[in-house]
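Note sheet for the following structure.
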């Protein structure tokens, strides 16, 4: 994978790059592009679009009077050619009640991390024998971003994503 960034010109903080773009290539030869900007004056939060050869998926965060929404289209579905709205939320009911008062209402930037945190906290509270995801799944979601940051730090030098279980 390879990642390049603009550096930190707006805030001046070494960790707050103005913008980054990463390109990943999976073992199955799928190319993924990820763009992040940490200084936008527009809507904040996780908004993303996924384009594939057989379909399309987007999750757009709230923008002014326009509510957040999720749209989906697939050549394998009978509504081929039409975007379908999906009722998919990411902030589970009851999450705020589990948080300290000073954090209630602060979450909700549109990522799935809130749902994962909610289910993990519930698993701990209820004495579950197994977490909602295992360490391997967590690392699969985390390490690509860490390697992207390393590639950007190296000026865009390609970096191979390696996992501890592959050694």
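Residue numbers (this note's numbering): 8 to 174.
All C-beta atoms in this analysis are idealised placements derived from N, C-alpha and C, irrespective of residue type, glycine included.
Counting along the chain, no beta strand (DSSP E) covers residue 109, and no H or E run does either.
Nearest Cα to residue 93 within the set 64, 162, 70: 64.
About 4 Å separates the CB atoms of residue 8 and residue 31; that is less than 8 Å, so the two are in contact.
Excluding five sequence positions before and after residue 56, the CB atoms of its chain that fall closer than 6 Å to its own CB belong to 65, given in chain order. When rounded, the separation of the alpha-carbon atoms in residue 158 and residue 85 is 42 Å.
Comparing alpha carbon positions, the residue from 102, 12, 38 closest to residue 45 is 12. Taking C-beta atoms under 8 Å as the contact rule, residue 128 and residue 105 qualify, at a distance of about 6 Å.
In the three-state reduction of the DSSP assignment, residue 127 falls in the helix class.
Per DSSP, reduced to three states, the secondary structure at residue 45 is coil, with no helix or strand assignment. C-alpha of residue 142 to C-alpha of residue 34: approximately 21 Å in a straight line. Within the model, the alpha-carbon separation for residue 102 versus residue 125 is close to 6 Å. If you compare the alpha carbons of 136, 172, 155 with that of residue 26, the shortest gap goes to 155. A check of alpha carbon separations from residue 150 across 167, 138, 71 identifies 167 as the nearest.
The Cβ-Cβ distance between residue 76 and residue 90 does not fall below 7 Å.
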